[in-house]
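Under this note's numbering, the sequence shown has 28 at position 19, and the numbering climbs by one with no breaks. Just so you know, even glycine gets a beta-carbon here, dropped at the ideal spot from N, CA and C.
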Amino acid sequence: MSQEKADQLVVIGASEHNLKNVSLNIPRDSLTVFTGVSGSGKSSLAFDTIFKEGQRRFVESLSAYARQFLGQTDKPKVEHVEGLSPTISVDQKTVNRNPRSTVGTITEIYDHYRLLFARLGKPHCPECGTRITSQTPEQITDYAYVDALNEACLILAPMVQERKGEYRKELEDWAAEGYVRARIDGEVRRLDEDIRLARYEKHSIELVVDRLTITAEEKSRFTESVEKALLLGNGLAILHYGKKTAENETKNQLEQSPEKDHLFSQLMACPSCQIALPEMEPRLFSFNAPQGACPSCNGIGQLSTFSEEKLCDPELSISEGAIKCFTEKGNLLYTKVDQRHVNSLMNNFEINDKTLWKNLSVEQRQLILYGNTKMKLGVSNIFRFPGQFLNKLEKQQWAGFIPILQFVFRFVKGPLEKFQHTSICPDCEGKRLNKMALAVRLHGHNINSLSGESIEDSVNFFDNLKLTETEKKIGRDIFREIRDRLHFLNDVGVGYLTLERSAATLSGGEGQRIRLASQLGAGLQGVLYVLDEPSIGLHQSDNKKLIRTLKKLRDRGNTVLVVEHDKETIESADHLVDIGPTAGQDGGHITAQGSMQKIIEAQESITGQFLSGQEQIAIPEKRRQPTGNKITIHGASFNNLNNIDCEIPLGIFVAVAGVSGSGKSSLIDGILKKALNCHLNPGSKDEPGPYKKISGLENIDRVIKIDQAPIGRTPRSNPATYTKVLDPIRDLFALMPEAKARGYKKGRFSFNVKGGRCEDCQGAGLKTIEMQFLSDVQIPCDTCRGKRFNAETLQIFYKNRTIHDVLEMTVTEAEEFFSALPKIHIILQTLLDVGLGYVKLGQPSTTLSGGEAQRVKISSELKKIATGNTLYILDEPTTGLHFKDIRLLLSCLNRLVDQGNTVLVIEHNLDVLKVADHLIELGPGGGKYGGELVCEGTPENLSEQMTLTGKFLKTVLEKGAEQNSFKESEEKSGKVSELQSFKVSATEVIEEDPADFEKVKVSKSYSRDIVIKGASKNNLRHIDVRIPNNKMTVITGVSGSGKTSLAFDTIFAEGQARYLESLSTYARRFLGRMDKAPVDSIDGLSPAIAINQKATGRNPRSTVATTTEIYDYLRLLFARIGKAHCPTTGKPLLGYSPTRAAAFCTEHFEGERIELLAPLFLPGSSKILLLDHPKHLPNVIDSLEQEGFVRLYINGKAIRLDEWKENSAEFKLSKNTTVDLGIDRLRVNPEEQKRLAEAIENAFQRGHGLLK
């Protein structure tokens, strides 16, 4: 590859989704931003083409075993990609909703904290707070001499603690070693006695190491004995001493004394409380491991318990259904416990089932819910044999409904949660860890209090930490890692978050920036990073920090590709690629690329028109005035809100602004939305955050949240199904004369249910062939040719179009086609109004962008009849939207407001804030520095106050005022259609200006050499090495000099580990991980691939084909393309759908008379059919006759069903008898193919997939 090409990433012929055979060159080691309207193909190029291909190539270098766990990505539709590096995607996929995931665990800082506390933490006693150190024999001696001077003492070594066994051999061995006595189950006995222990009972055995009186003369003997006891007892020793009460007490009586044991540990134990601490290891500080988790809540920090308030309705009696967890049939949810048990319970305990629940005594309610007997609950008595409970009830024993539900909850969580009350765990107080873990401190903090600090405060704590020499030595690497990662998180604008913050509460933008910080922490070079709108959720004041972070990533020698709409990020790019000109079918071309000036100059680029100011989002000339109605929140104090009062005027467009973490979502989502839900739906599970009161709720009769979540999670969902426009369309097809004649109902025109869909592909139109460790292959279905419906359904026409043709129409085409049908037309018109005219009705929802999905939801709202009292809440609706899309979105929102509704938007985008009627700004900072109401009023008010948002607004408002007058004259003259001027060839290559690439090249000299410092693996003596980048380097030396230790065990191990850290934890489990090499630092590393000469496997199962993986591909080839043959006859095996079988018969037996039979029993067949033995045939004769069947064939001989009783005696029904059911008799001709297909479908159904 030439040097010039090596500096570029070359993509040729990309056709993924709506891309039109695009080819382009992107400079490497630069910051490239992809822009374009929503749905133009930016993500298709950046993520679905470049990222997928880069990752696919790196993953192919891994073993076939590892690859099948990594979830292979499909090969993108692209002719050729050159100059690719291993790729890492940092996108806004839904944040992990696992309650165990926190910011600390995602960024792995918490893992470093755990290591830090395990190595440098100072343990304290969880009871008295005394500092705990491991006790030496001398310290134990000193303690005993202070506590029991001049007292008689037994020194015991614990050998067996509460374990079953006879221990005959052990007792004999100890006697042979010279020990005279042992304390067995609390009794001191001589070892020369005949000691017999019960084999199946638990025993405790302590050896008596010495018996002496604690005096000054015996001190050295006492210390030696303690040492011996600690050695025998694996670090534990027991001193047994007690004070004499009378002079004449004998030693033997003392030896029998039961309670005066003092346990000492050479490991960790509190001398005063005698609490021994477990070994200090990282697992002790993990709330996801049993060693560290709070035993009460298992490390969740919350307890969910079934409660009487949630389970029972106090205003009903038992007979009226006071206990709410019963089904309509009378069963306790998911169990076989039913009304028989309830009646037996009432009768046996003499409780009146007509008494209201609230009037039952406390004892009766406790008995019903919690039972009176601790009973063993299991699958058998709850799910299978409920009679066991009835037997117990006869004896007046009852387990209780709540214990039964707790057992069921282990298997079925979701539906039972509504009967549970969630509270903070009383034992750990929500800290998730057990007392032992929380008792370890480091410079005044335990691990929970350190995780509870904001990232900004944690940065200050670690920067100002005064360390001892020992701490510096032990924690050098740990402190460096923690400081780096905390600084990176602070730099990407999430300094207000705490490490204990649950991942489920993070927004998409926060989650993405946290992953971005993790990538900076890996410190790789030569990687291609692809980011999806990292500026989402960021206030303008934080944007510069983010851009600085992206440039830092680039300066390390990485290529950074960003899909972005933010103007500031676009202006900061080294290289721009604009995709358009519009969305969907009219997009997928490159309208311009290069510098910002190039984009502005390109006539077709809509982005350029907005950047130059030629197009803009106009500031309204007059803002709406509040109607007088308002909602007032008093004393909001959820999360970081500081007891604020906030007024939200109704009937206008209101926006809530403020920096990230200032409390916007806490106020609107956490309090207002949930309080409204509870007000409108009294049964709602939503619990609003703490507030004093909310007035004005009566002014709202509906609250709707519109977000960018996908409108459907499967390819079977589409805009037509979501907007319900498909229902009247299917009704229309079912009304066609031909459909009526054939008896087709509307369900026939759905590809999701049996009947009208193609059964070969089950209505998908494609067949997915799984390729194990290769990417899945999708091929069009042979039978329906991708049309999803069977041939019979596609014979029904409306205006010469089939249901498939209608689903292939764009919204614009369909609106014209159905213009005469108001019910359909009104829905399509609203889709057109929100700018979705280019979307196909049947386009899978999974292929819609976030902005498109959001607009589909808004269109569903616009078609509803306006009540004028609806509150629409939108959280950052401009995510993923281009300037043009934002203009469209604002016009949609303004239409909702014009109908008298209120639109409430949480937003950072200045284009939205400047057109709002009323602004509320929270702040002034994020986290603990936020939570105050900074300012409220019109945008002009905010800009005059010069608040943080106001400063940025002022610039925008001034700029808008200047441009308004300039725009008016231009708008009068009219504009040429955006698309008319855009002419493209079949394959387009946008000419780049070589000067642009030169500029980018000159501005960067990022490639770094690989610098290794302090490598000490195996025999390496703390060496420092510099290896030039992009050159071939040979490492030589005598055998055993350390070549492999440097190349493989240090450089390769570290390079691979850092790349694999960017993959999911699940994937990393299967990839095996080399140990981290002892090295101070490695800078300039790229992802590494090793080709070594490890000894080939000597396994007799190993062949050349398995070692080279050729055999894996051969297996796959035969499994997917091979034709199965019968092992006995050698004939090919075939499978048919009804449509294919009918076509086969028409082709081979045209003009012949045939009879279709469904097998009911086949001798020797392992297939499950209607009859498991012919002798059961008489039991089904009546039902078959009622269903309209006429004849049976027994061993090939026909018999009419209505003559069965007279003739049945002549048939001997044994397991060698063949039984077939006659389905239909007909002559095969093409006109009768539909009847034939239906008869075959019926035969397949009756014959469980077989017919004759």
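Residue(s) in a DSSP beta bridge with residue 431: Along the sequence shown, one-based indexing puts residue 431 at 422. Answer is 313, bridged to residue 431.
Do three or more CB pairs link the stretch 81–98 to the stretch 118–131 at distances below 8 Å? no
Distance CB(residue 1256)-CB(residue 1164) smaller than 8 Å: Residue numbering aside, residue 1256 sits at position 1247 when the sequence shown is read from its first letter. Residue numbering aside, residue 1164 sits at position 1155 when the sequence shown is read from its first letter. No, Cβ-Cβ distance for residue 1256 and residue 1164 is not below 8 Å.
Taking residue 1239 as the reference, give the member of 802, 482, 1213 and 1159 with the closest Cα. Taking the first residue of the sequence shown as position 1, residue 1239 is located at position 1230. For residue 1239, the closest alpha carbon among the candidates 802, 482, 1213 and 1159 is that of 1159.
Among 445, 325 and 353, the one whose alpha carbon lies nearest that of residue 303: One-based indexing of the sequence shown puts residue 303 at position 294. When only C-alpha atoms are compared, the closest one is 445.
With distances taken from CA atoms, which of 454, 1233, 1177 and 1175 is nearest residue 1202? Within the sequence shown, residue 1202 is the residue found at index 1193, counting from 1. Checked all of 454, 1233, 1177 and 1175; the closest Cα to residue 1202 is 1233.
Identify the continuous beta strand (DSSP E) that holds residue 534 and give its terminal residues. If you number the sequence shown from 1, residue 534 lands on position 525. From DSSP, residue 534 is part of no beta strand (DSSP E); its letter is neither H nor E.
Can you find a heavy atom of the ligand FAD that lies under 7 Å from the Cβ of residue 712? Looking for the ligand FAD in the displayed structure turns up nothing, as the structure carries no ligands at all.
Closer than 8 Å is the cut-off here; do at least three beta carbon pairs connect the stretch 948–968 with the stretch 687–702? Taking 8 Å as the limit for Cβ pairs, the verdict is that the stretch 687–702 does not touch the stretch 948–968.
Buried or exposed (CB count within 10 angstroms, at least 16 for buried), residue 519: If you number the sequence shown from 1, residue 519 lands on position 510. Classification of residue 519: buried, given that the 10 Å Cβ count is 16 or more.
From the DSSP output, which residues share a beta bridge with residue 1266? No answer is possible for residue 1266: it lies beyond the span of the chain, which begins at 10 and ends at 1261.
Taking only three categories from DSSP, how would you classify residue 602? Position 593 of the sequence shown, counted from the start, is the residue given in the question as residue 602. Three-state result, residue 602: strand.
With a Cβ-Cβ cutoff of 8 Å, do residue 483 and residue 129 count as a contact? For the purposes of this step, residue 483 is taken as the residue at position 474 of the sequence shown. For the purposes of this step, residue 129 is taken as the residue at position 120 of the sequence shown. It is a contact, given that the beta carbons lie within the stated cut-off.
Between which residues of its own chain and residue 112 is the CB-CB distance below 6 Å, once the five residues before and five after are set aside? Residue mapping note: residue 112 aligns to position 103 of the sequence shown, counting from 1. Within the same chain, residue 112 has close Cβ partners 506, 508 and 510.
Just to confirm before moving on: does the CB-CB distance between residue 395 and residue 350 stay below 8 Å? Counting from one through the sequence shown, the residue named residue 395 turns up at place 386. Counting from one through the sequence shown, the residue named residue 350 turns up at place 341. Their beta carbons are under 8 Å apart, which means residue 395 touches residue 350 by this criterion.
Boundaries of the beta strand (DSSP E) in which residue 1234 is found, first to last residue: Start at 1 with the first residue of the sequence shown, and residue 1234 comes out as number 1225. Per DSSP, residue 1234 belongs to the beta strand (DSSP E) from 1228–1236.
Cβ pair count under 8 Å reaching 3, the stretch 207–216 against the stretch 156–171: yes
Less than 7 Å between C-beta atoms, sequence neighbours within five positions excluded: which residues of the same chain meet that for residue 67? Along the sequence shown, read from residue 1 onward, the residue named residue 67 stands at position 58. Cβ within range, chain order: 95 and 1096.
Return the CA-CA distance between residue 587 and residue 598, expressed in angstroms with no decimal places. Against the sequence shown, residue 587 aligns to sequence position 578. Against the sequence shown, residue 598 aligns to sequence position 589. So the two alpha carbons sit approximately 9 Å from each other.
Residues bridged to residue 34 [DSSP beta-bridge criterion]: Numbered from 1 along the sequence shown, position 25 holds the residue referred to as residue 34. 19, per the DSSP bridge assignment.
Is the beta carbon of residue 757 less than 8 Å from the beta carbon of residue 743? For the purposes of this step, residue 757 is identified with residue 748 of the sequence shown, where counting begins at 1. For the purposes of this step, residue 743 is identified with residue 734 of the sequence shown, where counting begins at 1. Contact flag set, yes.
Does the Cβ of residue 1043 have 16 or more other Cβ atoms within 10 Å, making it buried, or fewer, making it exposed? Numbered from its first residue, the sequence shown carries residue 1043 at position 1034. Exposed: under 16 other Cβ atoms inside 10 Å.
Which same chain residues, not among the five before or five after residue 3, have their C-beta less than 7 Å away from its C-beta? Absent from the structure is residue 3, since the part of the chain shown begins at 10 and ends at 1261.
Do you know offhand how far residue 154's Cα is from residue 276's? Counting from 1 along the sequence shown, the entry for residue 154 is found at position 145. Counting from 1 along the sequence shown, the entry for residue 276 is found at position 267. For residue 154 and residue 276, the distance between alpha carbons rounds to 21 Å.
N-terminal and C-terminal residue of the beta strand (DSSP E) that residue 662 is part of: Taking the sequence shown and counting its residues from 1, the one referred to as residue 662 is at position 653. It spans 662–666 - the beta strand (DSSP E) in which residue 662 sits, taken as one unbroken run.
Just to confirm my understanding: we take residue 1249, look at its own chain, exclude 5 residues before and 5 after, and list those with CB closer than 7 Å. What are they? For this step, residue 1249 is matched to residue 1240 along the sequence shown. Excluding residues within five positions, the ones whose Cβ falls inside 7 Å are 1147, 1150, 1151, 1165 and 1260.
Short Cβ contact (8 Å threshold) for residue 140 with residue 131: Numbered from its first residue, the sequence shown carries residue 140 at position 131. Numbered from its first residue, the sequence shown carries residue 131 at position 122. Yes, the Cβ-Cβ distance between residue 140 and residue 131 is below 8 Å.
Cutoff 8 Å; reference residue 1094; Cβ partners in own chain excluding five residues on either side: For the purposes of this step, residue 1094 is identified with residue 1085 of the sequence shown, where counting begins at 1. Result list for residue 1094: 532, 533, 534, 1019, 1060, 1063, 1064 and 1067, in chain order.
Quick one: grab the DSSP three-state call for residue 927. Position 918 of the sequence shown, counted from the first residue, corresponds to residue 927. In this structure, residue 927 counts as strand in the three-state DSSP scheme.
On a Cα-Cα basis, can you pick out the residue from 539, 617, 272 and 815 that is closest to residue 243? By one-based count along the sequence shown, residue 243 stands at place 234. It is 272.
Would you mind reading off the limits of the beta strand (DSSP E) that contains residue 864? For the purposes of this step, residue 864 is identified with residue 855 of the sequence shown, where counting begins at 1. Run containing residue 864: none in the beta strand (DSSP E); it sits in the alpha helix (DSSP H), 859–871.
Would residue 595 be called buried (16 or more neighbouring beta carbons within 10 Å of its own) or exposed? The residue given as residue 595 occupies position 586 in the sequence shown. So residue 595 ends up on the buried side.
Residue 899 classed as buried or exposed, judged by whether at least 16 other C-beta atoms fall within 10 angstroms: Within the sequence shown, the letter at position 890 stands for residue 899. Residue 899 comes out buried.
Using the C-alpha atoms, what's the distance from residue 903 back to residue 6? Summary: the structure shown does not reach residue 6, with the chain confined to residues 10 through 1261, and so no result is reported for it.
Measuring only the C-alpha atoms, how far is residue 845 from residue 607? Here residue 845 refers to the residue found at position 836 of the sequence shown. Here residue 607 refers to the residue found at position 598 of the sequence shown. Residue 845 and residue 607: Cα-Cα distance of roughly 29 Å.
Hey, would you say residue 1263 sits closer than 8 Å to residue 951, going by beta carbons? Nothing in the structure corresponds to residue 1263, since the chain is present only between 10 and 1261.
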